Amino acid sequence: MPASTQGLDSTAAVRTKIYLFFLPVAAYAALFAWIKLDLPAQENLYEKYSLLVIASWLLLCWAGLLLPRWVPFRAVEGGIFWGTALLMVLNIYYNLLSVAEESLWPSSVWIAMVFVLAYFVFEPRTAWRVSLGIFTAFGVAGILALAPQVTAGAPIDSNAVLQLYISQLCYLVFFRLLILAKEHALQAQIKAIQLYQLAHTDPLTGVANRRSIIEAMHRALEHHNKTKEPLSLVLLDLDHFKQVNDQYGHETGDKVLVHVARLMRQNLRQGDYVGRWGGEEFVLLLPSTSLQEAQELCHRLRQLLAENSLESLRPISASFGIASAIPGDTPDQLVSRADAAMYLSKQAGGNRIEVVG
């Protein structure tokens with residue numbers, strides 16, 4: 136990422152690429168129109184030099200983007216926007232200054248682009264305020280251009296002038312409403328995601344909760360019944376966890392649960408599920424995993440827990456129970472067999488792995 140965009144919002148790099156493409160294109164178009172329309176021959180200074188000046192300005196901004204170490208991105212982007220805004224204000228002023236003699240210039244159709252650019256450059260609220268300020272500048276420019284002509288009784292096409300300003304106001308309001316609608320939709324989407332996460336995530340450990348794991352089991356068993364691919368389920372219960380709570384307090388116990396959940400999440404394969412079943416019990420749902428592969432995984436996890444205990448605490452151990460899915464299994468049946476295996480492990484003294492086929 137260019138140095139000028141480091142530390143800025145996440146869209147700065149994208150905007151830089153867009154500017155790097157469109158600035159030279161716009162500059163070329165302005166120069167082409169300046170030559171094609173023979174504007175150097177015009178007597179009106181604005182018509183004679185405006186396109187040449189804007190083309191030069193756009194190329195200067197483009198060069199600034201290529202020199203991020205010397206020209207900050209914000210300065211370049213501000214130059215692009217305010218240069219465009221000034222051009223549009225001058226366009227309205229000089230257009231209306233001669234409206235009694237000429238009709239509205241074709242270039243007036245581009246004036247509303249400054250409102251689009253405002254929402255591209257600024258945050259929505261700032262863009263709205265900036266757009267209102269620019270529209271006010273349009274009004275002031277119009278008054279300054281039209282007042283002398285009205286006083287002199289020059290024939291002015293009031294309908295064309297009125298439509299020019301009403302159309303700009305409509306664009307201004309439309310863009311604001313469009314952005315508000317987009318923000319509302321985005322907030323609703325974020326809220327829906329947050330509600331889903333709350334409903335499917337254990338708030339303490341950040342892993343899946345029982346509800347989420349059961350839903351995943353339904354999907355995994357359905358896939359297992361169709362494809363006959365192996366599917367294993369592991370229930371594990373932390374050994375002597377009540378003693379940790381009694382001796383060190385529930386806050387330390389919570390830290391142990393978070394620590395264990397993090398270790399498992401970081402060391403499982405992609406596609407495996409880890410969840411908190413309740414209390415100090417965790418569940419691992421292992422698609423495409425045979426009993427032997429599940430045993431090997433549990434041996435690695437048991438060693439990992441022993442080697443990564445929290446400071447001042449005894450090594451962490453767990454009792455593992457493994458069950459393999461059979462055709463026609465329901466989540467309750469699969470969990471029941473894994474739970475029975477885990478019970479055998481606990482009865483044998485813990486820190487063991489027991490298997491039920």
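136 is the number of the first residue of the sequence shown in the working numbering; add one for each residue after it. The beta carbon of each residue, even a glycine, is placed where N, CA and C say it ideally should be. Just so we're clear, the structure is a prediction, and the values are computed from it rather than from any experiment.
- Between residue 351 and residue 366, the beta carbon gap of about 11 Å keeps them out of contact (Cβ cut-off 8 Å).
- Distance from residue 310 to residue 254 at the Cβ level is roughly 6 Å; contact confirmed, criterion being Cβ atoms closer than 8 Å.
- Under the DSSP definition of a beta bridge, residue 455 partners with 371, 488.
- DSSP places residue 466 in the helix class (H, G or I) of the three-state scheme.
- Looking at the DSSP output, residue 275 sits in no beta bridge, so it has no partner there.
- Cβ contact annotation for residue 336 (same chain, cutoff 8 Å, sequence separation greater than five): 342, 343, 344, 347, in chain order.
- Under the three-state reduction of DSSP, residue 206 is assigned to coil, being neither helix nor strand.
- Residue 319 counts as exposed, since fewer than 16 other beta carbons sit within 10 angstroms of its beta carbon.
- Scanning its chain for C-beta atoms nearer than 7 Å, with the 5 sequence neighbours on each side dropped, one finds around residue 232 the residues 280, in chain order.
- The straight-line gap separating the alpha-carbon atoms of residue 292 and residue 163 is approximately 33 Å.
- Each residue's CA atom was taken as its position, placing residue 413 and residue 476 some 17 Å apart.
- For residue 411, the enclosing beta strand (DSSP E) stretches over residues 408-413.
- Inter-segment contact for the region 456-468 and the region 426-437 is present: three or more beta-carbon pairs are separated by less than 8 Å.
- Unbroken alpha helix (DSSP H) runs of no fewer than 4 residues, entirely contained in the region 281-352, are found at 293-335, following chain order.
- For residue 224, DSSP records no beta bridge to any residue.
- The beta carbon of residue 263 lies closer than 6 Å to those of 311 in the same chain, with the five residues before and after it left out.
- Straight-line spacing of the CA atoms in residue 276 and residue 181 works out to 14 Å.
- DSSP, reduced to helix, strand and coil, places residue 366 within a strand of the structure shown.
- Separation of residue 373 and residue 462 (C-alpha to C-alpha, rounded to the nearest whole angstrom) is 30 Å.
- CA-CA distance, residue 449 to residue 377, rounds to 13 Å.
- About 6 Å separates the Cβ atoms of residue 370 and residue 418, confirming a contact at the 8 Å cut-off.
- Spatial neighbours of residue 349 in its own chain (CB-CB distance under 6 Å, excluding positions within 5 residues in sequence) are listed in chain order as 466.
- Annotated as distal: residue 212 and residue 149, with beta-carbon spacing of 7 Å or more.
- With 16 or more other Cβ atoms inside 10 Å of its own Cβ, residue 154 counts as buried.
- Boundaries of the alpha helix (DSSP H) harbouring residue 376: 376-383, taken from the DSSP string.
- Rounded to the nearest whole angstrom, the CA to CA distance from residue 297 to residue 224 is 16 Å.
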